[in-house]
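Colleague:
Protein chains: 4
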Amino acid sequence: MDQNGKLSFTSDYTKGAHPDILKRLTETNMMKTPGYGLDEISESARNRIREACGVKDAVVEFLVGGTQANAVVIDAFLKSYQGVIAAETGHISTHEAGAIEANGHKVLTLPHRNGKLSADLVRKYLEGYYADANHEHMVMPGMVYLSHPTEYGTLYAKEELQEFRKICDTYGISLYVDGARLAYALACPENDISIKDLAALCDVFYIGGTKCGALFGEAVVIPDPEKIPRFFTIIKQHGALLAKGRLLGLQFDELFKNGLYMKIGSPAIRAAERIRKALKEKGYRQCFDSPTNQIFCVMDDEALEKLAEKVEYGFWEKYDEKHTVIRLATDWGTTEEEVSGLINIL
Amino acid sequence: MDQNGKLSFTSDYTKGAHPDILKRLTETNMMKTPGYGLDEISESARNRIREACGVKDAVVEFLVGGTQANAVVIDAFLKSYQGVIAAETGHISTHEAGAIEANGHKVLTLPHRNGKLSADLVRKYLEGYYADANHEHMVMPGMVYLSHPTEYGTLYAKEELQEFRKICDTYGISLYVDGARLAYALACPENDISIKDLAALCDVFYIGGTKCGALFGEAVVIPDPEKIPRFFTIIKQHGALLAKGRLLGLQFDELFKNGLYMKIGSPAIRAAERIRKALKEKGYRQCFDSPTNQIFCVMDDEALEKLAEKVEYGFWEKYDEKHTVIRLATDWGTTEEEVSGLINIL
Amino acid sequence: MDQNGKLSFTSDYTKGAHPDILKRLTETNMMKTPGYGLDEISESARNRIREACGVKDAVVEFLVGGTQANAVVIDAFLKSYQGVIAAETGHISTHEAGAIEANGHKVLTLPHRNGKLSADLVRKYLEGYYADANHEHMVMPGMVYLSHPTEYGTLYAKEELQEFRKICDTYGISLYVDGARLAYALACPENDISIKDLAALCDVFYIGGTKCGALFGEAVVIPDPEKIPRFFTIIKQHGALLAKGRLLGLQFDELFKNGLYMKIGSPAIRAAERIRKALKEKGYRQCFDSPTNQIFCVMDDEALEKLAEKVEYGFWEKYDEKHTVIRLATDWGTTEEEVSGLINIL
Amino acid sequence: MDQNGKLSFTSDYTKGAHPDILKRLTETNMMKTPGYGLDEISESARNRIREACGVKDAVVEFLVGGTQANAVVIDAFLKSYQGVIAAETGHISTHEAGAIEANGHKVLTLPHRNGKLSADLVRKYLEGYYADANHEHMVMPGMVYLSHPTEYGTLYAKEELQEFRKICDTYGISLYVDGARLAYALACPENDISIKDLAALCDVFYIGGTKCGALFGEAVVIPDPEKIPRFFTIIKQHGALLAKGRLLGLQFDELFKNGLYMKIGSPAIRAAERIRKALKEKGYRQCFDSPTNQIFCVMDDEALEKLAEKVEYGFWEKYDEKHTVIRLATDWGTTEEEVSGLINIL
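Residue numbers (my numbering), protein chains in the order written: chain A, 9 to 354; chain B, 9 to 354; chain C, 9 to 354; chain D, 9 to 354.
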């Protein structure tokens, strides 16, 4: 329950961290370590992630949040005159207050389907760009940005990711996966993309911590260590270097101890499954076929008003005069009781 | 002691947080709160800081680190064509990897004296700028940046700060104080600038958390709430908005409970005093008359080699062929035993 | 005829300047004048433009080209966290290589109709923005960008412009008209927007020279001189200040002598009218109802191949497998003979 | 004489262009050519410059002005996190209104000697940078910027340029020469750096037109065509692509016809020599040993007042209470009569 005594399903970043993380934080509190992620704990975390990725010398750097990670990574990979291709629903296209443009890069948006970018559309876009006689007057596409899961909770198939890889190879551009909610993909039976796949197919991706059991933090992985020679300085230049870097290190060290990250999303997925099933049985209309921890549902506005008395949900958008799309998000800490409570109210 | 069994005086951000902060973090871990600092804990922290400032409706926003705070604040206050005046030793001039320039603003450096900027020099610079027939071809100065304490551990006098205020009023530019180590000024008998003074004299300043007892975090204070209308969006645009903002809020809520912040620096100041006295007695040469938690000392390179076996210190710069300037930093958690240990070794 | 002996209708910037301009250039060549537009010729040009605008103290500055004018003006008017609303076909959205984003500003694109932005759509966009609970996480719209004539040769009605003004007033944002081809609007019977109207309704607009009889140059007009206090410095900062500013001044001094600018587009409009009529008679399909100096026509690819032997045209886009949209552009110097030649070939 | 009937020696950009340029402009006025420098005249100019450089496939692009050239070139060559080393008197350090910083790059200034950067100082700076334990927190130097002649009219020796080349090779950074006044170096007996030397030793340089006989324009030369793959797009992105690019092309085509550029500065150098000799004879004190077209002279303020009645000069800086440093600049069009007039007045 949240502060108002309501059940809360507004988002997956309303709580603190997995207990193991808090414990480690307490144990290590008075240790003295070098700053800026040059400490042993951060190095241990890096090594665990490298192992999970199956890439021995991958660059792994920890950043504090998702918008920051996107801004730093995209600015590091793009040349000054390049832009990044994204779905019009991509987080960088909508809810980052222009952080990508603030670094001088255009977000080149394409239509989405259930939050996903289509490889076909991207290929056509790139073909069109190079076929255009005026393309040297236009922003050069330099990267493809995907979210997995997407902002709509949907998933790419490994085959799709391979397709994107091929396209990026053809055009010599980078492939970047934003894994803000990656743990919820990994815990989802429908998902066939592993962390190793991401490391094998992407030029860069990040493993989300903030929404997946950490207090905060995202782990950026660049499989090829030659690619961005001064990534540390780039991070610092963006005001994104945490002085006590070990705080990030220790969170990921815990998340990647004994494969915790691979299963931490499971309670959220089970909870979401139960809610989806209940919604279906009770005749509610769900919007996208999203198998992860976000549920999008069309609600009658009157029914919604009643729901709001007992449940906190996320407003998504007006559907029509009398209906609203809401989002219900579960997380790693969602309990069976909370789900039962919600289903009873529904 | 640090990981190598040595005494460590390298910097003031090697440890975790004050125990009260860790305790609160643990207590509130499973609470569900709105994100982005819109929660009750952050609001409580804001109110405590407003009270400490004596300004009821001041804007108070929490950022994660010092470089980030400088980049966001300076970009928020400057017009696109303005630069910021700073000492050539100012943190923004040297060790922020060009974060200010990355946002398009030139750092206009002036010579320092013991890390301090002179009001006289700033006035002359501004007079010179406006007297120059070509000044419209030059970067317009739009802000004065001071650190208190400075990067050299020295302090401004209240009178000096008032002088800067007058100059800024004359030229219609902003006055900004970087308080990364503010707690060590506040705990220092030589200091006559209170937080209320900063709130009364600055357009904006930040209260350092990272180096002053927090895990991380800096509290930016803008006394006049009309000044920067969309500060929240500016923070987001810089990738500087923490999703679980309450983590910052609760740290400052603890730091400003019962005036903790005003006294948290005291152990550091006492420790530094003892070390300075010991150094003097033993004939070591100290560089600046810095009364806070940083001690700068010229060491014979041979003696230094021995010291390095038992003590970790900060390298500052080569003094000459055979001597080196080192920095010893104490912090809120430095113990009497550590100090005694160091003095024995010296 | 162009260098290959073909008739050329590719664009309206293939020739040099109106003879009066060349003459003046020659007469004044060895004059010595102060640089940067501080000379008497530039001042004379400014005064003529102020008179044409009916605004005595308007700021008038001369820039070299259109993309430069857009980048400088938009950066000058927007706050660092604001974006500019434009049609998805707007020049700033497509063919300026990301010049707006390079200055940190997002182009917020809306669907077009025949190259035009709809006031209704803009109003809905702004309403939606402020109604969105997350709008502080999004780029704040700070300006509406229109082209008159548009990139498709179409025109806004004065009533529409007044509507945009109202919306901008409601939301406290700026209205900017890109007049790269303004002379062709002014010479067009369908047009009911005068330069005085632009000065009365816009916060800023520019009067195109490059495509309208000058060698190069655009005159930016800011009716309210208080609005952008250091516009000169902003221009310099963008590398957009011409050393021998009088070269720009003298071109606009000639263009605004005896109302030349108001009628210089007439030959282009007459020529375009004849071509449009001929196309219609011969059964060609025209794309938009564009009354100015650009004609967009769907051509059978076989016919096009033949045409290409004798005429240079602008490729616009593929229409389908067997058809192509081409652009024919007339200009201030298009002769009746050229038009007759083209019609014969058609 | 200038507009006030005074002799004018204020600067070298007060007049129009060499007569050959005006003639060509008139002859080609009604030609129709493709835009953006893709025309035959521009190509001819490129080839003449390539020949003068002795580099067959050098990239040659024409920009409108010096600040623009500096901003575009430096942004093209630097990585986003790099800065450019320059003398504190370098044009980019002082009089470009922060154009370099506006693109995100810090100007790393070093002390000058008579406007010149010392290779030794640069080497020490780079050594110091890499020796500094914190250098990854600092702006990485990525280029050395020199002006030849310097802003003080002084010249580098070929040997010095070779020294800079070695340093740049050692550190893997670029060497850039700003040749705004290059023609005055080339016409100067003291100069031993040819255009071929620049092409052999620099990564990029520009050949100044604006101050050397053109109406406007600078020719950027990048000897290695692989270095900056999308330079055209970078130019466009900076608003620096001239629509009627042939206007630039034809000016440089004339300037490099029959080696005009190599000798166009001669009248200025002869004039400056006469003035310098006269000043010396009459006991005036000259400031730097500058052998090119700029003369810096300390004047008694009373004498200066008298001089000002008949001569326009450039104010440089106050020397002391009673003296002022002035600049007298000659140019390609300075006549013997003007010089005699000045000497008489002196």
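Glycine included, every Cβ here is placed at the ideal spot set by N, Cα and C.
1. Assuming B:His-99 is part of the alpha helix (DSSP H), what are its boundary residues?
2. Measuring CB to CB, does A:Gly-106 end up less than 8 Å from C:Tyr-89?
3. Would you identify the three-state DSSP class for D:Pro-27, choosing helix, strand or coil?
4. Report the residue from D:Val-67, D:Ile-351, D:Leu-336 whose alpha carbon sits nearest the alpha carbon of D:Thr-22.
5. Is C:Glu-109 near the ligand FAD - that is, is its Cβ less than 7 Å away from at least one heavy atom of it?
6. Would you say A:Gly-385 and A:Ala-77 are within 8 Å of each other, going by their C-beta atoms?
7. Per DSSP, what kind of secondary structure is D:Cys-61 in: helix, strand or coil?
8. Quick one: list the residues of chain C neighbouring B:Ile-242, beta-carbon separation under 8 Å, in chain order.
9. CA-CA distance, A:Thr-97 and C:Tyr-137?
10. Measuring CB to CB, does A:Arg-189 end up less than 8 Å from A:Cys-220?
11. For chain B, find out if any of its Cβ atoms is closer than 8 Å to the Cβ of C:Met-148; answer yes or no.
12. Can you have a look at D:Asp-128 and say buried or exposed, based on whether 16 or more other CB atoms are within 10 angstroms of its CB?
13. Using the Cα positions of C:Pro-299 and B:Lys-87, report the straight-line distance between them to the nearest angstrom.
14. What's the C-alpha gap between A:Lys-114 and C:Asp-83?
15. Check whether the Cβ atoms of C:Val-80 and C:Ile-242 sit closer than 8 Å, and answer yes or no.
16. Quick check: C:Leu-15 and C:Val-319, are their CB atoms within less than 8 Å of each other?
17. From B:Trp-324 to D:Leu-71, what distance separates their C-alpha atoms?
18. Would you list, in chain order, the members of the segment 105–120 of chain A that have their beta-carbon closer than 7 Å to a beta-carbon of chain C?
19. On the three-state DSSP scale, how would you describe A:Met-146?
20. Which residues in chain A have a C-beta closer than 7 Å to the C-beta of C:Thr-102? List them in chain order.
21. Count the other C-beta atoms from every protein chain shown that fall within 10 angstroms of the C-beta of B:Asn-266, then say buried if there are 16 or more, exposed otherwise.
22. Can you give me the start and stop residues for the beta strand (DSSP E) that A:Leu-258 sits inside?
23. Taking D:Ala-222 and D:Leu-268 to be in contact with their CB atoms under 8 Å, please state how far apart those CB atoms are, rounded to whole angstroms.
24. Using only the alpha-carbon positions, how far apart do C:Ala-311 and A:Arg-173 sit?
25. Could you give the distance in angstroms between the alpha-carbon of D:Lys-124 and the alpha-carbon of C:Pro-42?
26. Does D:Gln-245 come within less than 8 Å of chain A when only Cβ atoms are used?
27. Using the three-state DSSP reduction, which class does C:Asp-328 fall into: helix, strand or coil?
28. C:Gly-73 touches chain D at which residues, Cβ-Cβ below 8 Å?
29. Show which residues of chain D have a CB atom less than 8 Å away from the CB atom of B:Ala-141.
30. Going straight from the alpha carbon of D:Asp-65 to that of A:Val-68, what length do you get?
31. Taking C-alpha atoms, which residue in C:Phe-213, C:Ser-101, C:Thr-338, C:Glu-289 lies nearest to A:Leu-116?
32. For B:Glu-167 and D:Ile-230, what's the separation of their Cα atoms in angstroms?
33. Quick one: grab the DSSP three-state call for D:Cys-305.
34. Applying a beta-carbon distance threshold of less than 7 Å, which residues of chain A neighbour D:Asp-83?
35. In angstroms, rounded to a whole number, what distance separates the CA positions of D:Cys-176 and D:Val-130?
36. Straight-line CA distance for B:Glu-198 to B:Ile-283?
Modeller: Once the coordinates are examined:
1. On the second sequence, position 91 is the one that residue 99 of chain B refers to. Taken as a continuous stretch (DSSP letters only), the alpha helix (DSSP H) holding B:His-99 covers 99–102.
2. The residue labelled residue 106 of chain A in the question sits at position 98 within the first sequence. The residue labelled residue 89 of chain C in the question sits at position 81 within the third sequence. Between A:Gly-106 and C:Tyr-89, the CB-CB gap stays under 8 Å.
3. Sequence index remark: in the fourth sequence, residue 27 of chain D carries index 19 (1-based). If DSSP states are grouped into helix, strand and coil, D:Pro-27 belongs with the helices.
4. For the purposes of this step, residue 22 of chain D is taken as residue 14 along the fourth sequence, with counting starting at 1. The shortest C-alpha separation from D:Thr-22 is found at D:Leu-336.
5. No copy of the ligand FAD occurs in the structure displayed, which carries no ligand at all.
6. Nothing in the structure corresponds to residue 385 of chain A, since chain A is present only between 9 and 354.
7. Position 53 of the fourth sequence holds residue 61 of chain D. Note: D:Cys-61 maps to helix in three-state DSSP.
8. On the second sequence, position 234 is the one that residue 242 of chain B refers to. Near B:Ile-242 (Cβ distances below 8 Å), the residues of chain C are Ser-88, Tyr-89.
9. By 1-based counting over the first sequence, the position of residue 97 of chain A is 89. By 1-based counting over the third sequence, the position of residue 137 of chain C is 129. Roughly 15 Å between the two C-alpha positions.
10. Position 181 of the first sequence, counting from 1, holds the residue named residue 189 of chain A. Position 212 of the first sequence, counting from 1, holds the residue named residue 220 of chain A. The Cβ atoms of A:Arg-189 and A:Cys-220 sit closer than 8 Å to each other.
11. In the third sequence, the residue the question calls residue 148 of chain C occupies position 140. Under the Cβ criterion of 8 Å, C:Met-148 is counted among the residues facing chain B.
12. Here residue 128 of chain D is taken as the residue at index 120 of the fourth sequence, counted from 1. In this structure D:Asp-128 is exposed. Its beta-carbon is surrounded by fewer than 16 other beta-carbon atoms within 10 angstroms.
13. Walking along the third sequence from the start, residue 299 of chain C turns up at place 291. Walking along the second sequence from the start, residue 87 of chain B turns up at place 79. Straight through space, the alpha carbons of B:Lys-87 and C:Pro-299 are spaced by roughly 41 Å.
14. Within the first sequence, numbered from 1, the residue matching residue 114 of chain A stands at position 106. Within the third sequence, numbered from 1, the residue matching residue 83 of chain C stands at position 75. Approximately 15 Å, taken between the alpha carbons.
15. Indexing the third sequence from 1 puts residue 80 of chain C at position 72. Indexing the third sequence from 1 puts residue 242 of chain C at position 234. In this structure, the beta-carbon distance from C:Val-80 to C:Ile-242 falls below 8 Å.
16. As a first step, residue 15 of chain C is located in the third sequence; it is residue number 7 there, counting from the start. As a first step, residue 319 of chain C is located in the third sequence; it is residue number 311 there, counting from the start. Taking 8 Å as the cut-off, the beta carbon of C:Leu-15 is found closer than this to the beta carbon of C:Val-319.
17. Here residue 324 of chain B refers to the residue found at position 316 of the second sequence. Here residue 71 of chain D refers to the residue found at position 63 of the fourth sequence. Rounded to the nearest angstrom, the two C-alpha atoms are 45 Å apart.
18. Along the segment 105–120 of chain A, the positions whose C-beta sits under 7 Å from a C-beta of chain C are Ala-105, Gly-106, Glu-109, Ala-110, Gly-112, His-113, Lys-114, read in chain order.
19. For the purposes of this step, residue 146 of chain A is identified with residue 138 of the first sequence, where counting begins at 1. Looking at A:Met-146 - three-state DSSP - the assignment turns out to be coil, as it is neither helix nor strand.
20. Locating residue 102 of chain C in the third sequence gives position 94, where the first residue counts as 1. Met-146, listed in chain order.
21. On the second sequence, residue 266 of chain B is found 258 positions in, with the first residue counted as 1. Exposed.
22. Here the question's residue 258 of chain A lines up with position 250 in the first sequence. Boundaries around A:Leu-258 are those of the alpha helix (DSSP H), 254–263, since no beta strand (DSSP E) includes it.
23. On the fourth sequence, residue 222 of chain D is found 214 positions in, with the first residue counted as 1. On the fourth sequence, residue 268 of chain D is found 260 positions in, with the first residue counted as 1. Between D:Leu-268 and D:Ala-222 the Cβ distance is about 11 Å, and since that is not below 8 Å, they are no contact.
24. Counting from one through the third sequence, the residue named residue 311 of chain C turns up at place 303. Counting from one through the first sequence, the residue named residue 173 of chain A turns up at place 165. Cα-Cα distance, rounded: 41 Å.
25. As a position in the fourth sequence, residue 124 of chain D is number 116, starting the count at 1. As a position in the third sequence, residue 42 of chain C is number 34, starting the count at 1. Approximately 27 Å between the Cα atoms of the pair.
26. For the purposes of this step, residue 245 of chain D is taken as residue 237 along the fourth sequence, with counting starting at 1. With 8 Å as the cut-off, D:Gln-245 counts as an interface residue toward chain A.
27. In the third sequence, counting from the first residue as 1, residue 328 of chain C sits at position 320. The three-state secondary structure of C:Asp-328, taken from DSSP, is strand.
28. The residue labelled residue 73 of chain C in the question sits at position 65 within the third sequence. Using a Cβ-Cβ cut-off of 8 Å, C:Gly-73 is close to Gly-247, Leu-249, Leu-250, Ala-251 of chain D, given in chain order.
29. Translated into the one-based positions of the second sequence, residue 141 of chain B becomes position 133. Chain D residues near B:Ala-141: Phe-323.
30. On the fourth sequence, position 57 is the one that residue 65 of chain D refers to. On the first sequence, position 60 is the one that residue 68 of chain A refers to. Straight through space, the alpha carbons of A:Val-68 and D:Asp-65 are spaced by roughly 41 Å.
31. Counting from 1 along the first sequence, the entry for residue 116 of chain A is found at position 108. When only C-alpha atoms are compared, the closest one is C:Ser-101.
32. Looking up residue 167 of chain B in the second sequence gives position 159. Looking up residue 230 of chain D in the fourth sequence gives position 222. Their backbone Cα atoms lie some 55 Å apart in a straight line.
33. Position 297 of the fourth sequence, counted from the start, is the residue given in the question as residue 305 of chain D. Collapsing the DSSP output to three states places D:Cys-305 in a strand.
34. Position 75 of the fourth sequence holds residue 83 of chain D. What D:Asp-83 touches in chain A: Ser-88.
35. Position 168 of the fourth sequence, counted from the first residue, corresponds to residue 176 of chain D. Position 122 of the fourth sequence, counted from the first residue, corresponds to residue 130 of chain D. Between the C-alpha atoms of D:Cys-176 and D:Val-130 there is a straight-line separation of about 10 Å.
36. In the second sequence, counting from the first residue as 1, residue 198 of chain B sits at position 190. In the second sequence, counting from the first residue as 1, residue 283 of chain B sits at position 275. When rounded, the distance between both Cα atoms is 17 Å.
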